[in-house]
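So the structure is just underneath, and the comments pick up after that.
In this note's numbering, the protein residues as written are -18 to 451.
Here's what the structure looks like:
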């Protein structure tokens, strides 16, 4: 079975990169714009270390192209067929409008509030056909051989304007309905109103924002600034997520976050919150959240550094809360008009994070490489190494997931090869093939290995999803 999975992976990788090279050889026109890796309409526009990586990828919805109508060109002709000339899809892509369900509201400028959203649904094939129907500790697309409606995402935002020398007031509310709500639950909020096993509602952001000159402050519930990958599906390249994002970082915070724009290249961030993924503080001890974003003068390189530090509940029953800290470093560099490279390093630790009272540590390295084939296609590769040094972080969600007991003290690796196909400004199709493997001690709770219901130390999954922006 392992040989067959490796054969599937090798065949998929070979076909994918062969098609990418073929498409590249046919492109004759100069490239001058980067493919839209992320979709700014679904983003939080206030700056943060996790936002800095996205600034080099302008949205197809940005610019003045939409103000004069949505003149879409025939930009997605079948370039992989050599008989059809390549005259429509260079990287100098035309502006396109994103059709919006609430377009009339947005254009009427009602108090400056815009309402946008998207729907994301997926299917993941696991050749092992695990009897518990879970892809081990893999999250978001965690169900094997099963359809998932991952996210129906809706945002209402009054964004602050850049370079405004006066007082401003704004804010944002995000709602997420679908199977992904399970991974974004904040204590004291979503866990009080969700009772269904897979489908439910989350409110990952609800904050007010105040700006004056170069200062901004968020007050309320907001996404973390730690790391590279984010919760909204439309802002990530890959369908599946890295272990680092799911198990090594917080998702949300509740508190206050200040941002100071030192100059056009540097932003400084700092604030306090109630801890990791908490709406209500469970120990009455505030935590620190801060970092910095730097962008080069040519805007080809960004660096984002972020730290979260504070007292979290101890893993030892009856003991007081103890220190937990995580640091994240993200470097994004545009190598040329087609290639973009991302490097991420996280290190986390917690005193008495292990049930025996010892300190728990986790750390890892993620690397991403993106290649813009044309205006419609982008290829991507992710390689991750994540070390759960004491077996305290990685564990499958849901009690029926055999790997839910965790205790995997060792190294997790994953290689993901994927693509984004964007036929127009409203739709993106994301296929991927992923290979996971684990090296370390046996787990606890009945799962000796992380995959195939506790019987295997590696797995291959093939998945795809479709995102529709509205």
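Each residue gets a CB set at the ideal place from its N, CA and C atoms; glycine is no exception.
Point to revise | alpha helix (DSSP H) segment containing residue 86, residue limits | key: Taking the first residue of the chain shown as position 1, residue 86 is located at position 105. Element bounds for residue 86: 84 to 88.
Review point. Got a sec, what are the start and stop residues for the alpha helix (DSSP H) residue 226 sits in?
Key: Mapped onto the chain shown, residue 226 falls at position 245. Segment 224 to 229, the alpha helix (DSSP H) holding residue 226.
**Study point:** At least three beta-carbon pairs within less than 8 Å, the segment 247 to 258 to the segment 384 to 396
**Key:** Fewer than three beta-carbon pairs drawn from the segment 247 to 258 and the segment 384 to 396 are found closer than 8 Å, and the two stretches are therefore not classed as touching.
Review point. In its own chain, which residues sit with a C-beta less than 7 Å from the C-beta of residue 364, not counting the 5 before and 5 after it?
Key: One-based indexing of the chain shown puts residue 364 at position 383. Exclusion of the five residues before and after residue 364 leaves 348 and 396 as the residues of its chain whose Cβ lies within less than 7 Å of its Cβ.
Exercise for review: Would you decide whether residue -18 is buried or exposed? Buried here means 16 or more other CB atoms lie within 10 Å of its CB.
Suggested key: Taking the chain shown and counting its residues from 1, the one referred to as residue -18 is at position 1. Only weak support exists for where residue -18 lies, its pLDDT of 46 falling under 50; the coordinates are left without a value.
Check your understanding: Taking just the CA atoms, how far does residue 225 sit from residue 139?
Key -> Here residue 139 is taken as the residue at index 158 of the chain shown, counted from 1. Here residue 225 is taken as the residue at index 244 of the chain shown, counted from 1. Rounded to whole angstroms, residue 139 and residue 225 show a C-alpha spacing of 31 Å.
Practice item. Just list the beta strand (DSSP E) runs in the segment 175 to 244, keeping only unbroken ones of 3 residues or longer that don't cross its boundaries, in chain order. Key: With a minimum length of 3 residues, the continuous beta strand (DSSP E) runs that stay inside the segment 175 to 244 are 181 to 193, 196 to 204 and 233 to 242.
Practice item. May I have the straight-line CA-CA distance separating residue 385 from residue 286, to the nearest angstrom? Key: Within the chain shown, residue 385 is the residue found at index 404, counting from 1. Within the chain shown, residue 286 is the residue found at index 305, counting from 1. Distance between the alpha carbons of residue 385 and residue 286 is about 31 Å.
**Study point:** Pairwise C-alpha distance: residue 208 and residue 232
**Key:** In the chain shown, counting from the first residue as 1, residue 232 sits at position 251. In the chain shown, counting from the first residue as 1, residue 208 sits at position 227. Spanning the two alpha carbons is a distance of roughly 10 Å.
Check your understanding: Quick one: Cα of residue 416 to Cα of residue 120, how far?
Key -> For the purposes of this step, residue 416 is identified with residue 435 of the chain shown, where counting begins at 1. For the purposes of this step, residue 120 is identified with residue 139 of the chain shown, where counting begins at 1. Between the C-alpha atoms of residue 416 and residue 120 there is a straight-line separation of about 14 Å.
Practice item. Please report the residue range of the beta strand (DSSP E) in which residue 347 lies. Key: Position 366 of the chain shown, counted from the start, is the residue given in the question as residue 347. That run of the beta strand (DSSP E) goes 341 to 353.
Practice item. Specify whether the segment 72 to 89 and the segment 367 to 375 touch according to this definition: at least 3 beta carbon pairs, one from each stretch, less than 8 Å apart. Key: No contact exists between the segment 72 to 89 and the segment 367 to 375.
Check your understanding: For the segment 276 to 337, which segments carrying the beta strand (DSSP E) assignment without a break, of at least 3 residues, lie completely within its bounds, in sequence order?
Key -> Those beta strand (DSSP E) runs which fall completely within the segment 276 to 337 and span 3+ residues are 282 to 293, 303 to 315 and 320 to 331.
Check your understanding: Anyone know if the C-beta pair for residue 215 and residue 99 falls short of 9 Å?
Key -> For the purposes of this step, residue 215 is taken as the residue at position 234 of the chain shown. For the purposes of this step, residue 99 is taken as the residue at position 118 of the chain shown. Going by C-beta atoms, residue 215 is nearer than 9 Å to residue 99.
Practice item. Confirm, please, whether the CB-CB distance from residue 164 to residue 445 is below 9 Å. Key: Numbered from its first residue, the chain shown carries residue 445 at position 464. Numbered from its first residue, the chain shown carries residue 164 at position 183. The Cβ-Cβ distance between residue 445 and residue 164 does not fall below 9 Å.
Review point. Opposite residue 382 in the DSSP bridges: which residues?
Key: What you label residue 382 is simply residue 401 of the chain shown in a count that begins at 1. None, per the DSSP bridge assignment.
Practice item. Could you tell me whether the segment 253 to 265 touches the segment 175 to 183, using the rule of 3 or more Cβ pairs below 8 Å? Key: Not touching, per the Cβ criterion.
Exercise for review: Please state if the CB of residue 304 and the CB of residue 322 are separated by a distance shorter than 9 Å.
Suggested key: Your numbering for residue 322 matches position 341 in the chain shown. Your numbering for residue 304 matches position 323 in the chain shown. Cβ atoms of residue 322 and residue 304: not closer than 9 Å.
Practice item. Go to residue 127, then tell me how far its beta strand (DSSP E) extends in each direction, as first and last residue. Key: Along the chain shown, read from residue 1 onward, the residue named residue 127 stands at position 146. Run containing residue 127: 127 to 139, per the beta strand (DSSP E) assignment.
Review point. What three-state label does DSSP hand residue 160 in the structure shown?
Key: Looking up residue 160 in the chain shown gives position 179. Note: residue 160 maps to helix in three-state DSSP.
Check your understanding: Do you know how far the Cα of residue 411 is from the Cα of residue 334?
Key -> Numbered from its first residue, the chain shown carries residue 334 at position 353. Numbered from its first residue, the chain shown carries residue 411 at position 430. Their backbone Cα atoms lie some 37 Å apart in a straight line.
Review point. Is the beta carbon of residue 155 less than 9 Å from the beta carbon of residue 136?
Key: As a first step, residue 155 must be located in the chain shown, where it is residue number 174. As a first step, residue 136 must be located in the chain shown, where it is residue number 155. Result yes, Cβ atoms of residue 155 and residue 136 sit closer than 9 Å.
Point to revise | Closest by C-alpha distance to residue 181, when choosing among 236, 166, 234 and 94 | key: Taking the first residue of the chain shown as 1, we reach residue 181 at position 200. If you compare the alpha carbons of 236, 166, 234 and 94 with that of residue 181, the shortest gap goes to 166.
Point to revise | Short Cβ contact (9 Å threshold) for residue 450 with residue 423 | key: Residue mapping note: residue 450 aligns to position 469 of the chain shown, counting from 1. Residue mapping note: residue 423 aligns to position 442 of the chain shown, counting from 1. Contact: no.
Check your understanding: So, using beta-carbon positions, are residue 170 and residue 132 closer together than 9 Å?
Key -> Counting from one through the chain shown, the residue named residue 170 turns up at place 189. Counting from one through the chain shown, the residue named residue 132 turns up at place 151. Between residue 170 and residue 132, the gap from beta carbon to beta carbon reaches 9 Å or more.
Exercise for review: Measure from the alpha carbon of residue 378 to the alpha carbon of each residue in 325, 243 and 114, then state which is nearest.
Suggested key: To locate residue 378, count along the chain shown from 1; it is residue 397. Distance check between residue 378 and each of 325, 243 and 114 places 114 closest, using alpha-carbon atoms only.
**Study point:** At least 3 beta-carbon pairs within less than 8 Å: the segment 182 to 202 vs the segment 217 to 224
**Key:** Touching, no, given that fewer than three Cβ pairs across the two stretches are closer than 8 Å.
**Study point:** Classification of residue 24 by the beta-carbon crowding that lies within 10 angstroms, buried from 16 upward
**Key:** The sequence position of residue 24 within the chain shown is 43, counting from 1. Interpretation of residue 24 is limited by its pLDDT of 42, a score under 50 that renders its predicted location unreliable; the figure taken from the coordinates is listed afterwards. Burial is judged here by how many other beta carbons sit within 10 angstroms of a residue's own beta carbon; residue 24 has at least 16 and is buried.
**Study point:** Residue from 234, 277 and 217 with nearest C-alpha to residue 244
**Key:** In the chain shown, counting from the first residue as 1, residue 244 sits at position 263. Closest option to residue 244, Cα to Cα, is 277.
**Study point:** 8 Å contact criterion, which residue 343 and residue 293 should meet: CB distance rounded
**Key:** In the chain shown, residue 343 corresponds to position 362, counting from 1. In the chain shown, residue 293 corresponds to position 312, counting from 1. That belief does not hold up - the Cβ atoms of residue 343 and residue 293 are roughly 14 Å apart, past 8 Å.
Practice item. Keeping to the same chain, check which residues put their C-beta closer than 7 Å to that of residue 437; ignore five residues upstream and five downstream. Key: The count along the chain shown starts at 1 and reaches residue 437 at position 456. Correct list, in chain order: 109 and 430.
Point to revise | Spatially closest choice to residue 147 from 194, 124, 188 and 141, by CA coordinates | key: As a working mapping, residue 147 is identified with position 166 in the chain shown. Measuring from the Cα of residue 147, the nearest candidate turns out to be 194.
Check your understanding: Which of the three DSSP states, helix, strand or coil, is assigned to residue 172?
Key -> Translated into the one-based positions of the chain shown, residue 172 becomes position 191. Under the three-state reduction of DSSP, residue 172 is assigned to helix.
Review point. Which of helix, strand or coil does DSSP assign to residue 271?
Key: Taking the first residue of the chain shown as position 1, residue 271 is located at position 290. Correct three-state label for residue 271: strand.
Exercise for review: For my contact list, residue 229 and residue 329 are in at a C-beta cut-off of 8 Å; report their separation, rounded to the angstrom.
Suggested key: As a position in the chain shown, residue 229 is number 248, starting the count at 1. As a position in the chain shown, residue 329 is number 348, starting the count at 1. About 5 Å; that satisfies the 8 Å criterion.
Check your understanding: What residue range is occupied by the uninterrupted beta strand (DSSP E) comprising residue 440?
Key -> Here residue 440 is taken as the residue at index 459 of the chain shown, counted from 1. It spans 439 to 450 - the beta strand (DSSP E) in which residue 440 sits, taken as one unbroken run.
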